[in-house]
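S.K.: Protein chains in written order, with my numbering: chain A, -1 to 459; chain B, 1105 to 1295.
C-beta: ideal position from N, C-alpha, C; glycine also.
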């Protein structure tokens, strides 16, 4: 071997060893940017450093990815009465359709790390894909003659997965409703009933009774901050008997002995507020924590956030405060402390805020105001072994995309269906935070109206 | 070298013969034919479907009128329609990864996705409509797999079936009568 060749070999070996070492370091560290095949979508970028959240098996193929998708989104799809579940496509009679569009797998339509082809809702297909199975729709729906296939889902008429507020009979049932309903309010929260619903609630240690400052059970070596005491006394915790040690005395990971924890994490809240924490961990606020990554900060967000909030780490107490747990504060000020986009900044000029202001100042009945949380953390009724209860959905992204998901759980609590559909389709109106009537009109209800009239004509013949 | 190749080929042929012999003996020792399998599956499906239609829908929704049955059963807090009950069962079977599949189709479907699509489905549904009481059996290839496909008549067994289909806004037929073939159950078993 010549000297020159020997030098090339040495270069090659050093380069290979160096590169391998670098890649291994990247793989084991938190920053795995080097492994990203492309920019991650809006929905997943927060957890892109937790590769194993989706790529659960390095040797696994599409099936493994599918399991990962369903692990996070399966429950939501079930709740949405998914119009196109996998089971609709596994029947061999649909083999020709699957060959054109394999709708059995999420990644067929939602390819990740491909920003250049990713559209709204994380869809990475041209948006006329409905054509592949519904090309003959106009044969049975003369009203659809001439409609472009890229308007099925973009015109406010249909969604691929969630059509709970858009199906024809639902539209027919809510035809001609006024823009503003007479009864306009949301369900009251089942507040303070956690102990009734949780069988494991330690009622012997923390009996349900209103506590005073003399009852505070802070250990002797912990200083009682007067502001903290004041906040706690004003909170629903002190009124329900939840004393200081209920949250602050936690088992040590090493010795299992109960020790005072200055700043307990979300796991403590979870022991009584399980559904709220579940929602939080599924949301853009908590999804990083759910993957054991560091907490989300507004500085990492792709939306506009206030500069002075960039380094705040998001947890339950970011919105609720660490001792006052004031729901009214969390419902508006908690959001506006960070969010700095047009929609958020217009809120206080909206009619929704006027109603909220009236409610919090006692000029209007409870549950008639519209805060950020009214729409983005809507009330939901859940069944529990000890009864039903109304809580707030803490996954504030649950109803955001497509926004027609808001129709039933939010808008229609106060507005007619047609007004609601039109408003949600009007992007400028959304930016203005619904400060006027919609300028956009979606024709789906007109089509239902025409079809009803046509049926009446035929029946009358 | 030639020797080795000959040896390899002869051993492969030998293995193939041996394996095919094993397969043959398995069938003889207790396997059922696809048709018997499909007929058996259909007898269970038809029995469950009739029981649900008569004892649940016919009794509670039509006669006693204690609860409604509705296509939008969740929103209306109502009973699931018999056709939906059947389809949900089929979807659940598919979710569990069973090797066979079944569907409820019709020449006059309320939902147009349930009209016949493959040539065998078209032939089969026409056959059972024109030959009451008879089943249709065939083989077809779909997505690169060969299937034994059986089509069985789905008969309107109660007034609830015919009245609902006759007045549904999306039904292409409005003159169904009790006892008539309204559609067909298609069962496919991979061969």
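Quick one: grab the DSSP three-state call for residue 335/A.
M.R.: Residue 335/A: coil per DSSP, three-state reduction.
S.K.: What are the residues in the segment 198 to 230 of chain A lying within 9 Å of chain B by C-beta distance?
M.R.: Taking 9 Å as the Cβ-Cβ cut-off against chain B, none of the residues of the segment 198 to 230 of chain A qualify.
S.K.: Answer yes or no: does any C-beta atom of chain B fall closer than 9 Å to that of residue 93/A?
M.R.: Output row for residue 93/A: interface = yes.
S.K.: Whose CA, out of 445/A, 29/A and 377/A, lies closest to the CA of residue 184/A?
M.R.: Comparing Cα positions, the closest option is 377/A.
S.K.: My parser needs the alpha helix (DSSP H) runs of 4 or more residues fully inside the segment 199 to 241 of chain A; what are they?
M.R.: The segment 199 to 241 of chain A contains these whole alpha helix (DSSP H) runs: 224 to 232 and 234 to 237.
S.K.: Can you name, in chain order, every residue of its own chain whose Cβ lies under 6 Å from the Cβ of residue 137/A, other than the five neighbours on each side?
M.R.: The answer is none, since no qualifying residue turns up.
S.K.: Evaluate residue 1198/B with the Cβ neighbour count: other Cβ atoms within 10 Å of its Cβ, from every protein chain shown; 16 or more gives buried, anything less gives exposed.
M.R.: Classification of residue 1198/B: buried, given that the 10 Å Cβ count is 16 or more.
S.K.: For residue 215/A, which residues of its own chain have a beta-carbon under 6 Å away from its beta-carbon, when the five flanking residues on both sides are left out?
M.R.: 241, 242 and 243, listed in sequence order.
S.K.: So does residue 360/A have its beta carbon nearer than 8 Å to some heavy atom of the ligand MN?
M.R.: Ligands are entirely absent from the displayed structure, and the ligand MN is therefore not among its contents.
S.K.: What is the DSSP secondary structure of residue 90/A, counted as helix, strand or coil?
M.R.: Residue 90/A falls in the helix class under three-state DSSP.
S.K.: Which one of 1141/B, 1254/B and 1180/B has the shortest CA to CA distance from residue 1207/B?
M.R.: Cα-wise, what sits closest to residue 1207/B is 1254/B.
S.K.: Going by C-alpha distance, which of 1248/B, 1249/B, 1247/B and 1230/B is nearest residue 1241/B?
M.R.: Taking only the C-alpha atoms, the option nearest residue 1241/B is 1230/B.
S.K.: Does the beta-carbon of residue 249/A have 16 or more other beta-carbons within 10 angstroms, so that it is buried, or is it exposed?
M.R.: So residue 249/A counts as exposed.
S.K.: For residue 1237/B, which three-state DSSP category applies?
M.R.: Residue state, collapsed to three classes: coil.
S.K.: If you draw a straight line from the C-alpha of residue 1137/B to the C-alpha of residue 1144/B, how long is it?
M.R.: Between residue 1137/B and residue 1144/B, the C-alpha separation is close to 11 Å.
S.K.: Chain A beta carbons: is any one of them nearer than 9 Å to that of residue 1152/B?
M.R.: No, residue 1152/B does not count as interfacial toward chain A.
S.K.: Helix, strand or coil: which one does DSSP assign to residue 1152/B?
M.R.: The answer is helix: DSSP assigns residue 1152/B an H, G or I state.
S.K.: Decide if the segment 1257 to 1269 of chain B is in contact with the segment 1281 to 1290 of chain B; the criterion is three or more beta carbon pairs, one per stretch, under 8 Å apart.
M.R.: The segment 1257 to 1269 of chain B is in contact with the segment 1281 to 1290 of chain B.
S.K.: If you run the structure through DSSP and keep just helix, strand and coil, what is residue 7/A?
M.R.: Residue state, collapsed to three classes: helix.
S.K.: So what's residue 99/A in DSSP terms, helix, strand or just coil?
M.R.: Coil.
S.K.: Helix, strand or coil for residue 249/A? Go by DSSP, reduced to three states.
M.R.: Correct three-state label for residue 249/A: strand.
S.K.: Assuming the contact rule is C-beta atoms closer than 8 Å, residue 217/A and residue 258/A should be a hit. Round their C-beta distance to whole Å, please.
M.R.: Right, their Cβ atoms sit about 6 Å apart.
S.K.: Can you name, in chain order, every residue of its own chain whose Cβ lies under 8 Å from the Cβ of residue 1211/B, other than the five neighbours on each side?
M.R.: Counting only Cβ-Cβ distances below 8 Å, and skipping sequence neighbours, we find 1219, 1220, 1229, 1230, 1233 and 1287.
S.K.: I need the DSSP call for residue 302/A, collapsed to helix, strand or coil.
M.R.: Coil.
S.K.: Quick one: which chain B residues come within Cβ less than 8 Å of residue 97/A?
M.R.: Residues of chain B passing the Cβ test: 1247.
S.K.: Taking contact to mean at least 3 C-beta pairs separated by less than 8 Å, is the segment 362 to 379 of chain A in contact with the segment 123 to 140 of chain A?
M.R.: Cβ pair count under 8 Å is below three, so no.
S.K.: Helix, strand or coil, according to DSSP, for residue 1205/B in the structure here?
M.R.: Note: residue 1205/B maps to strand in three-state DSSP.
S.K.: Count the other CB atoms, across all protein chains shown, that sit within 10 Å of the CB of residue 32/A; report buried if there are 16 or more and exposed otherwise.
M.R.: Classification for residue 32/A: exposed.
S.K.: Closest to residue 309/A by CA distance: which of 320/A, 294/A and 176/A is it?
M.R.: Comparing Cα positions, the closest option is 294/A.
S.K.: Going straight from the alpha carbon of residue 1118/B to that of residue 14/A, what length do you get?
M.R.: Its pLDDT being 46, under 50, residue 1118/B is placed unreliably in this model, and the coordinates cannot settle the point.
S.K.: Taking 9 Å as the threshold (C-beta atoms), are residue 159/A and residue 80/A in contact?
M.R.: It is a contact, given that the beta carbons lie within the stated cut-off.
S.K.: In terms of residue numbering, what span does the alpha helix (DSSP H) encompassing residue 358/A cover?
M.R.: Looking at the DSSP string, the run of the alpha helix (DSSP H) that includes residue 358/A is 349 to 358.
S.K.: Could you check the C-alpha separation between residue 383/A and residue 188/A for me, to the nearest Å?
M.R.: Roughly 15 Å separates the two Cα atoms.
S.K.: Can you tell me whether residue 381/A is helix, strand or coil according to DSSP?
M.R.: Residue 381/A falls in the strand class under three-state DSSP.
S.K.: Assuming residue 402/A and residue 157/A are in contact, meaning their beta carbons sit under 8 Å apart, how far apart are those beta carbons, in whole angstroms?
M.R.: Going by Cβ atoms, the distance from residue 402/A to residue 157/A rounds to 6 Å, so yes, they are a contact pair.
S.K.: Kindly indicate which residue of 347/A, 342/A, 325/A and 381/A has the alpha-carbon position closest to the one of residue 365/A.
M.R.: Answer by Cα proximity: 325/A.
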